[in-house]
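Just remember that my numbering sits 3 ahead of the position in the sequence shown, which is counted from 1.
Working notes, beginning with the structure itself.
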Amino acid sequence: MNNSPSMEDIVSLSKRRGFVFQASEIYGGLSGFYDYGPLGVELSNNLKKLWWDAMVHARDNVYGVDGAIIQNPMLWQASGHIAGFNDPMVEDTITHKRYRADQLAGVDSTDLEELAQLLKDKKSPDGNPLGQPRYFNMMMQTWIGPLQDDAAKAYLRPETAGSIFTNYLNVKETMRAKLPFGIAQIGKAFRNEISPRDFIFRVRELEQMEMQYFIDPKDQEVIYQQWRDFAWNFLIQELGIREESLSWHEHGEKERAHYAKAAHDIYFNFPQGPKELWGTHNRSDFDLTNHTKASGKDLSYLDEASNERFTPYVIESSVGLGRMLLAVLCDAYQRDNVGGDERIVLRLNPKLAPVKVAVSPLLKNKPELVELARKIYTKLKTEFGAVLWDDNGNIGKRYRRQDEIGTPYCVTVDFDSLEDQSVTLRDRDSAKQARISADDLINSIRTGLEGA
Ligand code: ATP
């Protein structure tokens, strides 16, 4: 049985079960924008918590911030985004539809000459001649206040890193931080992508989880490797993504962002092919040097031991939350057979599962079953929070429904339960059912959830 889901499988599951919806769906949607539904928001919160625990709570030198989405435009001038946050674009000369030139050419390059050469004899997807490739700036603009003139122009941040650099001194001073130390942030970013595509893979409003680690330049190689290892291990050990779904991609000269000295991406085998999931970048002293020049504030660092002053280098770890969620869904999605019936099962790491346990009375029209099941449900909900009541359809259908959303355990209360206070505990992955005392439920489930 082919177990790799197509993008249609994932889109359909996401909508059917309440993970992800099109934004403004009743108005026909909006290209590049999505809403997260009841299960999607749980999954995304679980991902954020695991990342924050591993990145901030497990260390004593990484601090969190939550910066504003709109910052002084001078920040983006100094960071080079206003001039250089560009993607190469090419236009269909008849329909005037615009495309990413590198994607049409099938290369990882932003070099206009190379792209022009490669696209010389190509046609647009509609079969029309193409114009010359040129750059398109992806910053999203807005205006602050009542006047919509140039002086009021501002930008929605294209990455969370900006307010990390502008808070470098604040964090260093308030936390009495010494190098090396990091600043982490989870938040929205906006990119006016030329062609949003592949569901939540490439969107115009995204959420990023980023950490910038400020270091002495002499440590750059060792620390760069440490953050590459961190990303790889986090995906496998914390999220449970299979190692064979991942690979490394090193950016070539023509692919690297304007600030990067070295860049390694982890690629995930998405349904549309292996694509970037998580980047580790050596940003050198690009950011602090430019912000020092533009703001006039000295952002250099005095190393007390050596009495040397230098501008810290930055190693960055940057991943998109939506892409991570998509990777987790694709990797966990499987079709298998249980007792001759085909089922779809999301083999999610239990720590990520949006619902931990579902509780059902065998029959919903037997008040004594419902009463006992409700009691158990309330107890489990107090303990685990994400617990679902499900009395719809027959028990087999309920199990299928829970398998599809990755619920690790289902508890069923039946007539025997009324006699001996035992219940059926069903395991998602093996589909095995065990009879267990209602008093032991919490411990058994906790062990199962934590031991994974
Ligand atoms: P790409 O090459 O795919 O456009 P990028 O190299 O521009 O991505 P970065 O600027 O390094 O990406 O952003 C860091 C992370 O943010 C990426 O690894 C990815 O997970 C996520 N990301 C970037 N752009 C988007 C987008 N348009 N939609 C969803 N996630 C994105």
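Using N, Cα and C, we set each Cβ at its ideal position, and we do this for glycine too.
Here the structure is a predicted model, which is why all the values come from computation and not from measurement.
Q: Identify which residue in PRO183, ARG207 and ARG179 has its Cα closest to the Cα of LEU159.
A: ARG207
Q.
For the ligand ATP, is there any heavy atom lying closer than 7 Å to the beta carbon of ALA260?
A. Answer for ALA260: yes, Cβ within range of the ligand ATP.
Q: Flag LEU1 as yes when its Cβ comes closer than 7 Å to any non-hydrogen atom of the ligand ATP, and as no otherwise.
A: Nothing about residue 1 can be reported from this structure: the residues present for the chain run from 4 to 455 only.
(Q) What does the alpha-carbon distance come out to for the pair HIS267 and LYS359? (A) 35 Å
Q: Pull up the DSSP beta-bridge partners for MET214, would you.
A: ALA187 and SER320
Q.
On the criterion of 16 or more Cβ atoms from any shown chain inside 10 Å, does LYS400 qualify as buried, or is it exposed?
A. exposed
Q: Name the residue from ALA164, LEU324 and THR113 whose alpha carbon lies nearest to the alpha carbon of GLY255.
A: It is THR113.
**Q.** the segment 269–289 contacting the segment 171–184, beta-carbon criterion three pairs below 8 Å
**A.** no
Q: Below 6 Å CB to CB, which residues in the same chain sit around HIS284 once its five sequence neighbours on both sides are set aside?
A: Same-chain partners within the cutoff: ALA263, ALA266 and GLU319.
Q. Heavy atom of the ligand ATP less than 7 Å from the Cβ of VAL390, yes or no?
A. no
Q) Would the beta-carbon of PHE204 be found less than 7 Å away from any heavy atom of the ligand ATP? A) Taking 7 Å as the cut-off, the C-beta of PHE204 counts as close to a heavy atom of the ligand ATP.
Q | Cα-Cα separation, TYR412 to LEU428 | A | 7 Å
Q.
Please identify the residue among VAL426, LYS369 and CYS333 whose C-alpha is closest to the C-alpha of ILE439.
A. With distances taken between Cα atoms, ILE439 lies closest to VAL426.
Q. Cβ-heavy atom distance between GLY190 and the ligand ATP below 7 Å?
A. no
Q | Minimum C-alpha distance to MET141 - residue among LYS123, GLU196 and LYS126 | A | GLU196
Q.
I need the DSSP call for VAL373, collapsed to helix, strand or coil.
A. helix
Q.
Can you tell me where the alpha helix (DSSP H) holding ARG404 begins and where it ends?
A. 398–408
Q) For MET4, is the classification buried or exposed, using 16 other Cβ atoms within 10 angstroms of its Cβ as the cut-off for buried? A) Its pLDDT being 48, under 50, MET4 is placed unreliably by the model, and the measurement read from it follows with that caveat. Burial call: exposed.
Q | Neighbourhood of GLU371 by C-beta distance below 7 Å, restricted to the same chain and skipping five residues each side | A | LEU421
**Q.** DSSP three-state assignment for GLY282, whether helix, strand or coil
**A.** The answer is strand: DSSP assigns GLY282 an E or B state.
**Q.** Pair within 8 Å by beta-carbon distance, THR163 and GLU213
**A.** yes
Q. What is the DSSP secondary structure of MET143, reduced to helix, strand or coil?
A. strand
Q) Which of helix, strand or coil does DSSP assign to LYS156? A) LYS156: strand per DSSP, three-state reduction.
Q) Are three or more beta carbon pairs between the segment 76–90 and the segment 54–65 nearer than 8 Å? A) The answer is no - the segment 54–65 does not touch the segment 76–90, with fewer than three Cβ pairs under 8 Å.
Q) Closest by CA to LEU366, which one among THR381, ASP394, VAL341 and GLY388? A) ASP394
Q: Go ahead and pull the three-state DSSP assignment for ARG207.
A: coil
Q: Look at the Cβ atom of PRO136, then the Cβ atom of VAL93, and state whether they are nearer than 8 Å.
A: yes
Q) For LYS384, which option in ILE218, VAL317, GLN424 and LEU444 has the closest C-alpha, if you only look at C-alpha atoms? A) LEU444
Q: For MET4, name the three-state secondary structure that DSSP assigns.
A: Note on MET4: pLDDT 48, under 50, position unreliable in the model; no value is reported.
Q | Environment of VAL317 [buried if 16+ CB atoms lie within 10 Å] | A | Buried, since its Cβ has 16 or more Cβ neighbours within 10 Å.
**Q.** Span separating the alpha-carbon of VAL23 from that of GLY299
**A.** 45 Å
Q: Go to HIS84, then tell me how far its alpha helix (DSSP H) extends in each direction, as first and last residue.
A: 84–87
Q: Go to PRO128, then tell me how far its beta strand (DSSP E) extends in each direction, as first and last residue.
A: That residue, PRO128, is in no beta strand (DSSP E); it is neither H nor E in DSSP.
Q.
Here's the rule I'm using: 16 or more other beta-carbon atoms within 10 Å means buried, otherwise exposed. How should ASP152 be labelled?
A. exposed
(Q) In the DSSP output, which residue or residues are listed as bridge partners for GLU345? (A) Looking at the DSSP assignment, GLU345 forms a beta bridge with ASN340.
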